[in-house]
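Trainee:
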Amino acid sequence: MIYGADAHLLDSKGNTPLNLSASDEIKDRLVSCMYEVTDRFIHYLTGFTPDHANNQHYILPHTQCNKTEARHKLMKLSNNLLEDLVMDVYDELDRREIETLWQSHSSPPVGYELAPLGVPFLPVNRSLSSMRNQGRQKLGRLNKEDFNTLVTDIVYIAVQRGSPDKPNRKLMDDEPLYDSVASDEEQQITPTSNVITNKQSQLETQLMVSEAHIAHLNDEIARLKAQVQQVELENETLKAALNARNSAPMSHAPPPETEPVTDGSWASPQRPASMYNVSLNTQSTSTRMPQSEEVVRRTDQVTKRIQELAAHMRSSDKCHSFVPHAERIRIAVCELTAIFPQNTNNDLIRHALRSLNTSTVRLQAECAQLEGSAERVRSCAYNMAKANKQLLTQFQ
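Residues in the sequence shown are numbered from 707 upward in steps of one, following this note's numbering.
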């Protein structure tokens, strides 16, 4: 029981641990654990303890109103929320009884007054949420009458949920025969139930926001998959064209450093970067590696274009002006990859070239579709600069 065992669970034959217990001592212990909380509440309200040996498990306290609005709110709580509320009320009852015993101490030292016992509410429990700790502290604000009403409502709900039969009304002789009418001065209680309801509403709102965000991400993934399929199809077409060109002898001439259009109103590219000028995307058919001076000059050109894009991102907030800078970077990368042979045995160089081309395509797509966030453009530029540095270190 101390590890959280449930004495109400049924086995495969529908028997509870109480039905299967052969020892009277074990049976009494199980009954005591099952009704420990309600016995404590009933003893606090009435001063009596139910006689479980005579099958008297509950003593319903007398109330002026058997059906209050606060009790209806408590009845709507789920078992888990009601269990949390009962634990908080149990702790508050412990605190009040300890404080009463402390204040009733009759033999303080001569000339000294009895110091107050801590704060007038439950201390903060770091294992609980801040909202539940606030509800526990609000229990300390209830006066004795309101707190007793709350404990009484909990006892009635425990009787309703804990036993299949209706509670025995004959347990108390002074129980009224008819329901009394609620007075106008009756105060509303259960602030903790209101806190729990507010917390549940907040969780439902957060769940709806999360579901909407997941739906948006699914749409974005579907759109990206469609773009990837389109790029793969265009790459296949490009490979076929390159194979046709490579079948005939050709002399390599590095393309000149051309400048793209710099108009700020230049629209987004009409086709992916893989279908741009074929001569800029081809690599050298020669198997000879380029000179280190040529590699340094080409990588410096790529670095310069990336720095221009980074400086423009810090100094301007016009997203559509990123596209011309991305086009300059693409041309610089094409000029750099063109001086390398198509098939190289150096894995580091091959990986760096592949990373440069992939980041260039992604950078152009992000710049073309950028609306409010520049973080993705920064990420692409950083990946290109990293790959550019890896390539440069192979020739230094």
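C-beta atoms are modelled at their ideal positions from N, C-alpha and C, and glycine is treated no differently.
In the DSSP assignment, the alpha helix (DSSP H) including threonine 1066 goes from what residue to what residue?
Mentor: Start and end: 1053-1075.
Trainee: Quick one: give me the first and last residue of the alpha helix (DSSP H) that valine 830 is part of.
Mentor: That residue, valine 830, is in no alpha helix (DSSP H); it is neither H nor E in DSSP.
Trainee: So, using beta-carbon positions, are arginine 847 and aspartate 794 closer together than 7 Å?
Mentor: The answer is no: Cβ separation not under 7 Å.
Trainee: Would the beta-carbon of valine 1008 fall within 7 Å of that of asparagine 924?
Mentor: No. Outside cutoff.
Trainee: Around the Cβ of valine 1083, are there at least 16 other Cβ atoms within 10 angstroms (buried) or fewer (exposed)?
Mentor: With 16 or more other Cβ atoms within 10 Å, it is buried.
Trainee: If I'm right that isoleucine 1035 touches threonine 1066 with Cβ under 8 Å, what's the distance once you round it to whole angstroms?
Mentor: That belief holds up - the Cβ atoms of isoleucine 1035 and threonine 1066 are roughly 6 Å apart, short of 8 Å.
Trainee: On a Cα-Cα basis, can you pick out the residue from Ser727, Asn785, Ala1087 and Glu742 that is closest to glutamate 1033?
Mentor: Comparing Cα positions, the closest option is Ala1087.
Trainee: Can you look up histidine 922 in the DSSP assignment and give me helix, strand or coil?
Mentor: If DSSP states are grouped into helix, strand and coil, histidine 922 belongs with the helices.
Trainee: With 16 as the cutoff for other CB atoms within 10 Å, does cysteine 1073 come out buried or exposed?
Mentor: By the neighbour-count rule (16 or more Cβ atoms within 10 Å), cysteine 1073 is buried.
Trainee: For the segment 775-782 against the segment 830-838, do three or more pairs of beta-carbon atoms, one drawn from each stretch, fall closer than 8 Å, so that the two count as touching?
Mentor: No: fewer than three Cβ pairs fall under 8 Å.
Trainee: Considering only residues of the segment 725-800, which uninterrupted beta strand (DSSP E) runs meet the minimum length of 3 residues and lie entirely inside it, listed in chain order?
Mentor: Counting whole runs of 3 or more residues, the segment 725-800 contains no beta strand (DSSP E) stretch at all.
Trainee: From the DSSP output, in three-state form, read off asparagine 692 for me.
Mentor: The structure shown does not extend to residue 692, since the chain spans only 707 to 1102, so no value can be given for it.
Trainee: Where does phenylalanine 1101 fall in DSSP's three states?
Mentor: Three-state result, phenylalanine 1101: coil.
Trainee: According to DSSP, is proline 996 helix, strand or coil?
Mentor: It is coil, neither helix nor strand.
Trainee: Taking its Cβ as the centre, do 16 or more other Cβ atoms sit within 10 Å of histidine 768, making it buried, or is it exposed?
Mentor: The residue is exposed, with fewer than 16 neighbouring Cβ atoms inside 10 Å.
Trainee: What is the rounded straight-line gap between the Cα of arginine 777 and the Cα of lysine 905?
Mentor: Cα to Cα, arginine 777 sits roughly 19 Å from lysine 905.
Trainee: Helix, strand or coil for lysine 719? Go by DSSP, reduced to three states.
Mentor: Residue state, collapsed to three classes: coil.
Trainee: Is the separation between the beta-carbon of leucine 845 and that of glutamate 798 shorter than 7 Å?
Mentor: Yes, these two residues count as a Cβ contact at 7 Å.
Trainee: Taking the alpha carbon of glutamine 997 as the reference point, which residue from Leu1097, Thr858, Asn785 and Val915 has its own alpha carbon closest?
Mentor: It is Leu1097.
Trainee: Considering only the beta carbon of each residue, do leucine 1042 and histidine 1031 sit closer than 7 Å?
Mentor: No; because the gap between Cβ atoms is not below 7 Å, this pair is not in contact.
Trainee: What's the C-alpha gap between leucine 1062 and leucine 913?
Mentor: Distance between the alpha carbons of leucine 1062 and leucine 913: 40 Å.
Trainee: Exposed or buried, leucine 1059, counting other C-beta atoms within 10 Å across all chains shown (16 or more means buried)?
Mentor: Looking at its Cβ environment, which holds 16 or more other Cβ atoms inside 10 Å, leucine 1059 is buried.
Trainee: Let me know the secondary structure DSSP gives proline 1030 once reduced to three states.
Mentor: Three-state DSSP puts proline 1030 in a helix.
Trainee: Are threonine 722 and alanine 864 closer than 7 Å when you measure CB to CB?
Mentor: No.
Trainee: What three-state label does DSSP hand serine 1085 in the structure shown?
Mentor: If DSSP states are grouped into helix, strand and coil, serine 1085 belongs with the helices.
Trainee: By how many angstroms is the C-alpha of leucine 726 removed from the C-alpha of glycine 720?
Mentor: Answer to the nearest angstrom: the Cα atoms are 11 Å apart.
Trainee: Looking at glutamate 1000 and isoleucine 1045, is the spacing between their C-beta atoms short of 7 Å?
Mentor: It is a contact, given that the beta carbons lie within the stated cut-off.
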